[in-house]
Amino acid sequence: MLLALIIFSIIGLLGALIVLLHKKPIYNALGLLLNFISLAIIYFLLNAPFIGVIQIIVYSGAIVVFFLFVIMLLNLREPLMDFDFSFKGLISIIIIFALFLGVSISLYITKLPKFELGEEGKVDKLGELLLTKYLVPFELASVLLLVAIVIAIIIGRKQEE
Numbered sequence: 347m348l349l350a351l352i353i354f355s356i357i358g359l360l361g362a363l364i365v366l367l368h369k370k371p372i373y374n375a376l377g378l379l380l381n382f383i384s385l386a387i388i389y390f391l392l393n394a395p396f397i398g399v400i401q402i403i404v405y406s407g408a409i410v411v412f413f414l415f416v417i418m419l420l421n422l423r424e425p426l427m428d429f430d431f432s433f434k435g436l437i438s439i440i441i442i443f444a445l446f447l448g449v450s451i452s453l454y455i456t457k458l459p460k461f462e463l464g465e466e467g468k469v470d471k472l473g474e475l476l477l478t479k480y481l482v483p484f485e486l487a488s489v490l491l492l493v494a495i496v497i498a499i500i501i502g503r504k505q506e507e
């Protein structure tokens, strides 16, 4: 499992590097998608399937699709500025990599306690809490969302006329 965590962490870092270093906005959005999906897989490997599914639905699905929609709507091409690496940039990258390597080695050497997922993190307990102890705030949030949807429909219809 540790090997899988390391592999998907590296894949996530590669996705982040694509976001930072690529010139085309579409590839930036796809790198972000790669990063989000690798993070969701890490959640699955850490026995948090609910958070992994939410990561895929909300971030990988909705946010990346929204970014791609904005990119296509604005008709973005390559940026006008040209980015050149300087000596200071190279030194900064080397220092950041050395710090990352030092922290990684110290975390690997340190014996951390084993993390166990408590009862609070499970989906059935979350549902039970939402429908018993926190029923009133849960219902108020749902009514607030319903009112927001109705107001958005009313505003949309007024603009059509």
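Numbering-wise (the numbering used here), the sequence shown opens with residue 347 and increments by one.
Glycine included, C-beta positions come from ideal geometry on N, C-alpha and C.
No experiment lies behind these values; they were computed from the predicted model shown.
Buried versus exposed, by CB contacts within 10 Å (16 or more), residue 385: In the sequence shown, the residue the question calls residue 385 occupies position 39. Flag for residue 385 reads buried.
Can you look up residue 384 in the DSSP assignment and give me helix, strand or coil? The residue you call residue 384 lines up with position 38 of the sequence shown. DSSP places residue 384 in helix when its eight states are reduced to three.
Whether or not the segment 397 to 406 and the segment 367 to 384 are in contact is what I'm after, with contact meaning three or more pairs of Cβ atoms, one per stretch, closer than 8 Å; do they touch? yes
Any idea if residue 401 is buried or exposed, counting beta-carbon neighbours within 10 angstroms, 16 or more meaning buried? Counting from 1 along the sequence shown, the entry for residue 401 is found at position 55. Residue 401 comes out buried.
If you count every other CB in all the chains shown that lies within 10 Å of the CB of residue 433, and 16 or more means buried, which is it? One-based indexing of the sequence shown puts residue 433 at position 87. Exposed is the call here.
What's the C-alpha gap between residue 347 and residue 454? Here residue 347 refers to the residue found at position 1 when the sequence shown is read from its first residue. Here residue 454 refers to the residue found at position 108 when the sequence shown is read from its first residue. Looking at the two C-alpha atoms, the distance is approximately 15 Å.
For residue 350, name the three-state secondary structure that DSSP assigns. Along the sequence shown, one-based indexing puts residue 350 at 4. Helix, per DSSP.
Given 8 Å, three or more beta-carbon pairs between the segment 369 to 376 and the segment 440 to 459: no
With a Cβ-Cβ cutoff of 9 Å, do residue 354 and residue 387 count as a contact? The residue you call residue 354 lines up with position 8 of the sequence shown. The residue you call residue 387 lines up with position 41 of the sequence shown. Against a cut-off of 9 Å, the Cβ pair of residue 387 and residue 354 comes out as a contact.
Assuming contact is defined by CB atoms lying nearer than 9 Å, are residue 349 and residue 361 in contact in what I supplied? One-based indexing of the sequence shown puts residue 349 at position 3. One-based indexing of the sequence shown puts residue 361 at position 15. The answer is no: Cβ separation not under 9 Å.
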